[in-house]
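Peer 1:
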Amino acid sequence: DVKVTQSSRYLVKRTGEKVFLECVQDMDHENMFWYRQDPGLGLRLIYFSYDVKMKEKGDIPEGYSVSREKKERFSLILESASTNQTSMYLCASSLFLGGLAGDSHYEQYFGPGTRLTVT
Amino acid sequence: SQQGEEDPQALSIQEGENATMNCSYKTSINNLQWYRQNSGRGLVHLILIRSNEREKHSGRLRVTLDTSKKSSSLLITASRAADTASYFCASEGSYQKVTFGIGTKLQVIP
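From first to last, the protein sequence lines stand for chains U and V. Read in the working numbering, the first sequence has 41 at position 41, and its numbers run on one by one without any break. Read in the working numbering, the second sequence has 126 at position 7, and its numbers run on one by one without any break.
Right under this line is the structure:
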């Protein structure tokens, strides 16, 4: 079974602190993602990565950065945490299920989430 | 409104009844997936339907896709208390970009 782990289930930080959220997957997946989940807004993509040292901005990258030094690890960094970054953060990795043209797709595997509170 | 909107946003039914959730999206897609999330946990993939398919079954799950209306529905038959969770649709478009909806919170009352 694919396993995606996140370093903390719950985290409380102060405004202005630098925060690191770690995510590790054990299935050699190429792609990894960071989402935040807020009530009434669903999941919103922050950043994703197609390969080591590669990163792409998602829909809401402001205030965040990422690091992917190893294939299995994708870190989300809040350079200076703010109260509006209080949220549930979900990491995912995906398997490319390739096939004939039009038949390929991605299936995402999620970690358990980190509930971050910034006070 | 957002791509991948589900409705209703909340649904409460009795055990044994069927639960139907709908999802709409805005742009053309390669496929549409449904995920489930138990309270405070990560999402788990349930089922995928490709853009050239109209209906797909998996156990008690039935998914339909209407590309002309840009909509999909998820039907859970003979619901159980353990089906209580939030359900999200995720539309995959160009360049493997996946957009999640805001979810439907399903409560199945024993």
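We put the CB at the ideal spot given by N, CA and C, even for glycine.
List, in order along the chain, the chain U residues whose C-beta lies closer than 9 angstroms to that of V182 (chain V)?
Peer 2: Your numbering for residue 182 (chain V) matches position 63 in the second sequence. Per Cβ cutoff of 9 angstroms: no residues; V182 (chain V) is ~14 angstroms from chain U at best.
Peer 1: For the beta strand (DSSP E) containing S131 (chain V), name the first residue and the last one.
Peer 2: Along the second sequence, read from residue 1 onward, the residue named residue 131 (chain V) stands at position 12. Per DSSP, S131 (chain V) belongs to the beta strand (DSSP E) from A129 to Q133.
Peer 1: Go to M140 (chain V), then tell me how far its beta strand (DSSP E) extends in each direction, as first and last residue.
Peer 2: Against the second sequence, residue 140 (chain V) aligns to sequence position 21. Segment A138 to S143, the beta strand (DSSP E) holding M140 (chain V).
Peer 1: Could you tell me how far apart the beta carbons of A200 (chain V) and P229 (chain V) are, in whole angstroms, since I believe they sit closer than 8 angstroms?
Peer 2: On the second sequence, residue 200 (chain V) is found 81 positions in, with the first residue counted as 1. On the second sequence, residue 229 (chain V) is found 110 positions in, with the first residue counted as 1. A200 (chain V) to P229 (chain V), Cβ: 5 angstroms. Contact.
Peer 1: Quick one: which residues of the segment 40-62 of chain U get their C-beta closer than 7 angstroms to a C-beta of chain V? List them in chain order.
Peer 2: Per Cβ criterion, the list reads G40, L41, G42 and L43.
Peer 1: What three-state label does DSSP hand S75 (chain U) in the structure shown?
Peer 2: As a first step, residue 75 (chain U) must be located in the first sequence, where it is residue number 75. Three-state DSSP puts S75 (chain U) in a strand.
Peer 1: Just tell me which of V:Y206, V:K216 and V:A197 has its CA closest to the CA of E125 (chain V).
Peer 2: For the purposes of this step, residue 125 (chain V) is taken as residue 6 along the second sequence, with counting starting at 1. Nearest C-alpha to E125 (chain V): V:Y206.
Peer 1: Take N141 (chain V) and list the residues in its own chain whose beta-carbon comes closer than 6 angstroms to its own, dropping the five residues that flank it on each side.
Peer 2: Stepping through the second sequence from its first residue, residue 141 (chain V) is reached at position 22. Closer than 6 angstroms at the Cβ level, and outside the excluded window around N141 (chain V), lie D126 and S192.
Peer 1: Residues of chain V with CB closer than 9 angstroms to the CB of Q108 (chain U), please, in chain order.
Peer 2: As a position in the first sequence, residue 108 (chain U) is number 108, starting the count at 1. Within 9 angstroms Cβ-Cβ: Q152, Y154, L162, H164, A209 and V217.
Peer 1: Run through the DSSP bridge pairs and tell me what G120 (chain U) is partnered with.
Peer 2: Absent from the model: residue 120 (chain U). The displayed extent of chain U is 1 to 119, so no value can be given.
Peer 1: With DSSP collapsed to three states, give me the class of T83 (chain U).
Peer 2: Against the first sequence, residue 83 (chain U) aligns to sequence position 83. Note: T83 (chain U) maps to helix in three-state DSSP.
Peer 1: Which residues in the same chain have their Cβ closer than 7 angstroms to the Cβ of F20 (chain U), if we skip the five residues on either side of it in sequence?
Peer 2: Position 20 of the first sequence, counted from the first residue, corresponds to residue 20 (chain U). S75 and I77.
Peer 1: Buried or exposed for H176 (chain V), please, with buried defined as at least 16 other CB atoms from any protein chain shown within 10 angstroms of its CB.
Peer 2: Here residue 176 (chain V) is taken as the residue at index 57 of the second sequence, counted from 1. Burial call: exposed.
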